[in-house]
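In the working numbering, the protein residues as written are 12 to 265.
To keep things clear, I will list the structure first and then write my remarks on it.
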């Protein structure tokens, strides 16, 4: 890489780190930059996963207060996404990338719809529940929420662009938690998937180490900055940004 290309990858890591801790579409920025500087797509994808891991670490540290609020949910998110990412990483190494190319953009668009409509869906469900026996707040992962969280982990290990948007939809619909806490859990979910998939890629995949180092340096700063921003975002604005980011990601992939 030339000096200008190295600067571009470093800046991409910084920007993608911020996106990791806010709207959750980091790979939409970092992955195309790696390909643009001449790294083959599969190598770029694996290198991007490893290089963006520090963003999840610093972002999760920035959200440490939110993650302490519901420790059982935090552990469940880590475990489900980690196990899903194992399958996703091997799918990346063993399958033709075209397998998911036709499906993933539409999946992202659907999850954007769920994120945007979640307040209305929740209110509708409450209106149609027995008023004499209102449901208790959902503060633990149900089997359905756990299943879809694991599926999101599979996708996170496979490619990951938009996986944060998907996790916000899964947790937002499956749990009655403050959106700020959901965002923290989403950041942790991305980290969990990246750590597991990255460990597998370190063992068996071709990697571009200069790109990984540059991404890591930028993303570790961006992840923490993004957490500071994400904590202060009003819920409505955050939801709007999630939908916009997800639509942009889906259109770019189409």
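Ideal placement from N, C-alpha and C gives every residue a C-beta, glycine not left out.
Query                                                                                                              : Result
Any 3 or more C-beta pairs closer than 8 Å across the region 44-55 and the region 243-263                          : no
Assigned exposure category for residue 173 - 16 Cβ within 10 Å defines buried                                      : buried
Burial state of residue 215 (16 or more Cβ within 10 Å)                                                            : exposed
The region 185-192 in contact with the region 55-63 per 3-pair CB rule at 8 Å                                      : no
CA nearest to the CA of residue 208, picked from 224, 222, 102, 18                                                 : 102
Outcome for residue 197 when other beta-carbon atoms lying within 10 angstroms are tallied against a minimum of 16 : buried
Touching by the beta-carbon criterion (3+ pairs, under 8 Å), the region 237-255 and the region 80-98               : no
Cβ pair count under 8 Å reaching 3, the region 16-33 against the region 236-243                                    : yes
Completely contained alpha helix (DSSP H) runs for the region 47-91, where each covers 4 or more residues          : 52-62, 64-73, 75-79
Nearest candidate by alpha-carbon position, reference residue 201, set 255, 70, 121, 82                            : 70
Residue 119 versus residue 12: straight-line alpha-carbon distance, rounded                                        : 32 Å
Proximity of residue 96 and residue 222 at Cβ, strictly below 7 Å                                                  : no
Residue 159, enclosing alpha helix (DSSP H) - first and last residue                                               : 154-169
Same chain, Cβ closer than 6 Å to residue 246, neighbours up to 5 away in sequence not counted                     : 190
Residues near residue 178 by beta carbon distance below 6 Å, same chain, minus five either side                    : 163, 197, 200
Inter-residue spacing [alpha-carbon to alpha-carbon] between residue 19 and residue 44                             : 7 Å
Residue 14 burial status per 10 Å Cβ neighbour count (16 or more: buried)                                          : exposed
Exposed unless 16 or more other CB atoms sit within 10 angstroms - verdict on residue 53                           : exposed
Residue from 181, 33, 17, 23 whose Cα sits closest to the Cα of residue 242                                        : 33
Unbroken alpha helix (DSSP H) run spanning residue 14, endpoints                                                   : 14-32
Which of helix, strand or coil DSSP assigns to residue 149                                                         : coil
C-alpha gap between residue 149 and residue 220, whole angstroms                                                   : 43 Å
Residue range of the alpha helix (DSSP H) that includes residue 245                                                : Run containing residue 245: none; DSSP gives neither H nor E here.
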